[in-house]
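Residue numbers (the numbering used here): 2 to 215. Structure, as structure tokens:
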């Protein structure tokens, strides 16, 4: 079977089928790299894409550890969206994609973060905004969350409200905060801003304790 891979002019789809069969039986780093680094992943039919995804899930630790820059973004996204991949593995994969490492993968980091907020805790989100994406967005949310925290739990009066500018990402983060019950469900998009309503007796933890002490 392996000898067929060396035949000249072999059909690319047949190569994928053979690699899937070989890897399903036994992991081989060379075969795995060849399968994952197929530049044509996006043009393969859904059946073959699903077979590749199945192999990736089987060897998810090896996939996360890959240092390659030619892996298809849709392949990454298919794994992040899969119901049968552990949350911890998704988080590791996401953090690899969005990090400022030597990766040459071209990705809109703010869009990526907005699409996968549910993988993260709020301190993680704020840190990524601050260090990886856009300090101005981080600062706008820092000011707003500080304002909401000036409630009865922090020697203030009643619940507080704050505003942030409207953007697609900011609206996704607002929805995330409501889903996590960190802000009131009354929070909404109004005109050109997002109105945030806090609670009377709830503090929003948005930074790591170590960072707060600095």
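The beta carbon of each residue, even a glycine, is placed where N, CA and C say it ideally should be. This structure is a prediction, so every number in the text was calculated from the model and none was measured.
So what's residue 158 in DSSP terms, helix, strand or just coil?
Coil.
Return the bridge partner residues of residue 191 from the DSSP annotation.
194.
Spatial neighbours of residue 36 within its chain, please: CB distance less than 8 Å, with the 5 preceding and 5 following residues excluded, ordered by chain position.
Taken in chain order, the residues that qualify are 17, 20, 21, 24, 53, 56.
Beta-carbon proximity of residue 118 to residue 177, cut-off 8 Å:
Yes.
Is the number of C-beta pairs between the stretch 159-171 and the stretch 195-203 that are closer than 8 Å three or more?
The stretch 159-171 is in contact with the stretch 195-203.
At the level of alpha carbons, what is the spacing between residue 1 and residue 208?
With the chain covering 2 to 215 only, the question about residue 1 has no answer from this structure.
Rounded to whole angstroms, what's the CA-CA distance from residue 127 to residue 93? Just pull it up for me.
Distance between the alpha carbons of residue 127 and residue 93: 17 Å.
Environment of residue 66 [buried if 16+ CB atoms lie within 10 Å]
Residue 66 should be labelled exposed.
Measure the CB-CB distance between residue 8 and residue 45 and report whether it falls below 8 Å.
Pairing residue 8 with residue 45 gives a Cβ-Cβ distance that is not under 8 Å.
Assign residue 182 to buried or exposed, taking buried as 16 or more other Cβ atoms, counted over all protein chains shown, within 10 Å of its Cβ.
Exposed, by the Cβ-count rule.
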